Every structure is written in structure tokens, then in C-alpha cells.
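Here's the structure we're looking at; comments come further down.
There are 2 protein chains.
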Amino acid sequence: MKPRDPADFTETKLSSEPVFEGQLLRVHRDTVRLPDGGTATREYIKHPGAVIVIAQPDPQSVLMERQFRYPVGRHFIELPAGKIDQGEEPMTTAERELQEECGYIAGQWRHLTTLHPCIGYADERVELFLATDLQHVGDRLDEGEFLEVMTVSLREALDWVVEGRISDSKTVLGLLWAEKIAKGEW
Amino acid sequence: MKPRDPADFTETKLSSEPVFEGQLLRVHRDTVRLPDGGTATREYIKHPGAVIVIAQPDPQSVLMERQFRYPVGRHFIELPAGKIDQGEEPMTTAERELQEECGYIAGQWRHLTTLHPCIGYADERVELFLATDLQHVGDRLDEGEFLEVMTVSLREALDWVVEGRISDSKTVLGLLWAEKIAKGEW
Numbered sequence: 765m766k767p768r769d770p771a772d773f774t775e776t777k778l779s780s781e782p783v784f785e786g787q788l789l790r791v792h793r794d795t796v797r798l799p800d801g802g803t804a805t806r807e808y809i810k811h812p813g814a815v816i817v818i819a820q821p822d823p824q825s826v827l828m829e830r831q832f833r834y835p836v837g838r839h840f841i842e843l844p845a846g847k848i849d850q851g852e853e854p855m856t857t858a859e860r861e862l863q864e865e866c867g868y869i870a871g872q873w874r875h876l877t878t879l880h881p882c883i884g885y886a887d888e889r890v891e892l893f894l895a896t897d898l899q900h901v902g903d904r905l906d907e908g909e910f911l912e913v914m915t916v917s918l919r920e921a922l923d924w925v926v927e928g929r930i931s932d933s934k935t936v937l938g939l940l941w942a943e944k945i946a947k948g949e950w
Numbered sequence: 765m766k767p768r769d770p771a772d773f774t775e776t777k778l779s780s781e782p783v784f785e786g787q788l789l790r791v792h793r794d795t796v797r798l799p800d801g802g803t804a805t806r807e808y809i810k811h812p813g814a815v816i817v818i819a820q821p822d823p824q825s826v827l828m829e830r831q832f833r834y835p836v837g838r839h840f841i842e843l844p845a846g847k848i849d850q851g852e853e854p855m856t857t858a859e860r861e862l863q864e865e866c867g868y869i870a871g872q873w874r875h876l877t878t879l880h881p882c883i884g885y886a887d888e889r890v891e892l893f894l895a896t897d898l899q900h901v902g903d904r905l906d907e908g909e910f911l912e913v914m915t916v917s918l919r920e921a922l923d924w925v926v927e928g929r930i931s932d933s934k935t936v937l938g939l940l941w942a943e944k945i946a947k948g949e950w
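Chains as they are written, first to last, in the numbering used here: chain U, 765 to 950; chain H, 765 to 950.
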């Protein structure tokens, strides 16, 4: 039996307006044609994209950052990450963030995958990189950027996930991906 | 040697204003006091929270949905998920979404963890649940909701992650978590 073709649920843009332009966030509101001919409103964030870096001083450990995240109102332990500057290659963003925030350059870079962290209300895509062959050269944090860098064993970091001490989704995902690589499965 | 106390990078709210109130999105702009005494602006989404459900007809497979996500402009294969209604218990949201979207009720529920998907620009928290002992009772989609439900083996779903066919972050994270459970590691 031939598999059924997947259904087409495409929503088509009828109109689009910027409804908020902030320093960080840009919100659009579109009217769309639904698959059944009806219309609906879609509000979403336009995002420049971002990178996440699994940076490993050795195959069993990762660099992590601890910083305060105001929207949630507490400190988080995270993998290094950052927004892509306009026109910047994601690879360049990853190198820049690793050096600026953690103070490391990497001899080996590998692009692992493209992720979509927030498909309900943002167009954001995130490029996940693996950085190895690390060399410490010293950080150069942006003004107003406050964070601590730590090296954590992959095993301990995954324990922190189970305990709920690490709850940032990109970091949980990145650590589980790193474990698949460490085990030679991915 | 005593471990060093973690640094306090807390940012304190000086003022807060709603800058956009849409049907779906609420954006706030706050002025904050930085750890070094300076000030900065923080824009973020106020979100009611959400749930993700790993629903397993058997220990080696999961229910997934295929739907169009307008902000990114294409179809995605996802774990069942949904926003928490005002005043609703996350457990109730999970039961509701599993029945409405997939047409299943579950005899066993387990809360796995609390995640923060978007700490750079949203206060959203996501509760991750495991649902087993499933019984099909028929879906009842909201009007204007279009999706296909499928049962996929965990192994195949993880292959789709590596191939990039699954790129929704919550789904990648949920599948990797489900594999840890299937292996008896978590």
C-alpha cells in the first residue's frame, strides 16, 4: 500500500503589519488564509537567529555559563549561546560568542543541526555547533554582560538536568546531544 | 578548600510597562538595575506557560503531530503540546491537549521536569509529562486547528532528528528524554 501523501495545512499570508518594534523584540501581526478557507490572526516575533555552542575542553566535559536571566527572574546554567548579528555567518557568531563569553578559541568546529526553539510564536532558528581542540585566550565581555564560566563534566551536567538545576531547554537539548556524540551514537 | 560562593548577577526591576498587548503575545519593557549599578532595558514576552506530552502507546513509540507553524512558514513534526489556560493546572492542560489533539486519554501520568524554552526573551515555563497506558477515544480539535497525528517508533523519530526532519527544540529534547527513560537511565 502506498503511504498517504501528507496533508497540506499551509497558511497563506494575506497581510502583515509590524505591531511592535523594540530594541530587542520585533513583533508582527499577520492575517492568514487557513487551509479550510477561513482567516486567522498570527502574532509572532521576528528574530535574527542564534547559535548554541557545545564547547568541550575534553570529550567528557563542557563549558557552561552561569548568568541572570531577567525574563524568568533568576540565574541559569547554560551552554554558551548568542544572537546572530545582521549579515553574520552563524559559524562566525559561534566563534565570537565562545571567545567573548568564555575566553576560548577552538581548533575544530562541527555544525550539528538547525533547531527551531519557539515555533508557536517566533521565527527563530538556532544553529548548534560542537567546538573542540580548545585554547584559552581570555574573555572580553560586552559592557553590561555579567557571567561566570565553568567547566562541568557531562555526567554531572546531566545529573543537574535530572535534578532540575539545569532547566534551560537549549542547554538540556545540547547536553543530551553531546552525550550521544560522546557515546559514538551520533 | 571551600568552593567559592556563586556570584550574584541579579538584575532588579526599576520600572515596567506593557508595550504590546496582542491576542496571543504580551510584551513588557522594564528598566533594570544591573549588578554594577548601571541600568539597562529588558524587553520580554509574558507567557502563560505550556505543557509538552511524551505519549507512548508502547515503550518504544511516541505519538507525534504534524502541523503548519506560521511563524517559521512550514510544517513541523512535534510532540503534543499546548498553552496553559488561565488558572489551569498543568496536568489538566496535558490531559486536555492529549485528548483534544491526539484523541487519547492516559491511565498513567508522570511529571518529568520543568523547562524554560526561551530565557533570553520570554518568562515561559514548560512542564514535560510522560503519558502511558493510552486509550483512543477520538479527538475534538478546536476550530481552525489543523493537524495529523501519527505513531512513530522512538528509534525512527531519533533518526529524523539526526536527519534534520525534526527540528522543533521541545520535540528533540522530549525524544532524547524519552530515550533515557526507555533505556532505564532516567
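Note that beta-carbon positions come from the ideal geometry of N, C-alpha and C, so glycine has one too.
Predicted model only: the values in this text are computed from it and were never measured.
The stretch 851-882 of chain H contains, as complete alpha helix (DSSP H) runs of 4+ residues, the segments 854-861 (chain order). By a beta-carbon distance limit of 8 Å, residue 797 of chain H does not contact residue 810 of chain H. Their separation comes to about 20 Å. Counting only the Cα atoms, residue 903 of chain H lies some 18 Å from residue 855 of chain H. Inter-segment contact for the stretch 890-905 of chain U and the stretch 810-828 of chain U is present: three or more beta-carbon pairs are separated by less than 8 Å. Residues of the stretch 869-896 of chain U that bring their beta carbon within less than 8 Å of a beta carbon in chain H comprise 877, 878, 879, 880, 881, 882, 883, 884, 885, 886, 887, 889 and 890, in sequence order. Against chain U, the CB of residue 775 of chain H has a partner CB under 9 Å away; the residue lies at that interface.
Around the Cβ of residue 775 of chain U, a 10 Å sphere holds 16 or more other Cβ atoms; the residue is buried. Inclusion of residue 886 of chain U and residue 861 of chain U in the CB contact set at 9 Å is not warranted, their separation being larger than that value. The contact set of residue 771 of chain H on chain U, defined by CB atoms closer than 7 Å, consists of 912 in chain order. For residue 807 of chain H, the enclosing beta strand (DSSP E) begins and ends at 803-810. Chain-ordered listing is empty here: chain U has no CB closer than 8 Å to the CB of residue 824 of chain H, the nearest sitting near 16 Å. The beta carbons of residue 859 of chain H and residue 829 of chain H sit no closer together than 9 Å. In the DSSP assignment, residue 940 of chain H falls outside any beta strand (DSSP E) and lies within the alpha helix (DSSP H) extending over 933-946. With contacts defined as CB atoms closer than 9 Å, residue 832 of chain H and residue 931 of chain H fail to qualify as a contacting pair. Shown in chain order are the members of the stretch 822-854 of chain U whose Cβ falls below 7 Å from a Cβ of chain H: 830, 831, 832, 833, 834, 835, 836, 839 and 840. The beta carbon of residue 941 of chain U falls within 9 Å of a beta carbon belonging to chain H, placing the residue at that interface.
Residue pairing for residue 846 of chain H: DSSP places it in a beta bridge opposite H/815.
Between residue 926 of chain H and chain U, the shortest Cβ-Cβ separation is below 9 Å. H/910 is the residue among H/869, H/915 and H/910 whose C-alpha sits nearest the C-alpha of residue 771 of chain U. Listed in chain order, the non-local C-beta contacts of residue 788 of chain U below 8 Å within the same chain number zero, local neighbours out to five positions each way being set aside.
Counting only the Cα atoms, residue 842 of chain U lies some 15 Å from residue 891 of chain U. Secondary structure of residue 800 of chain H (DSSP, three-state): coil. Its chain contains 925 and 930 as the residues whose beta carbon lies nearer than 8 Å to that of residue 936 of chain U, once the 5 sequence neighbours on both sides are disregarded; these appear in chain order. Interface with chain U (9 Å Cβ-Cβ cutoff): residue 820 of chain H is excluded. Straight through space, the alpha carbons of residue 914 of chain H and residue 826 of chain H are spaced by roughly 8 Å. Under a 10 Å Cβ-count criterion, residue 835 of chain H is classified as buried, with 16 or more other Cβ atoms of the shown protein chains found around its own Cβ.
Burial is judged here by how many other beta carbons sit within 10 angstroms of a residue's own beta carbon; residue 920 of chain H has fewer than 16 and is exposed. For residue 950 of chain H and residue 948 of chain U, the gap between their C-alpha atoms comes out near 20 Å. For residue 798 of chain U, the nearest CB of chain H lies under 9 Å from its own CB, placing it at the interface with that chain. The beta-bridge partner set that DSSP reports for residue 838 of chain U consists of U/833. If the five residues before and after residue 799 of chain U are omitted, its C-beta is found closer than 6 Å to the C-beta atoms of 773, all from its own chain and listed in chain order.
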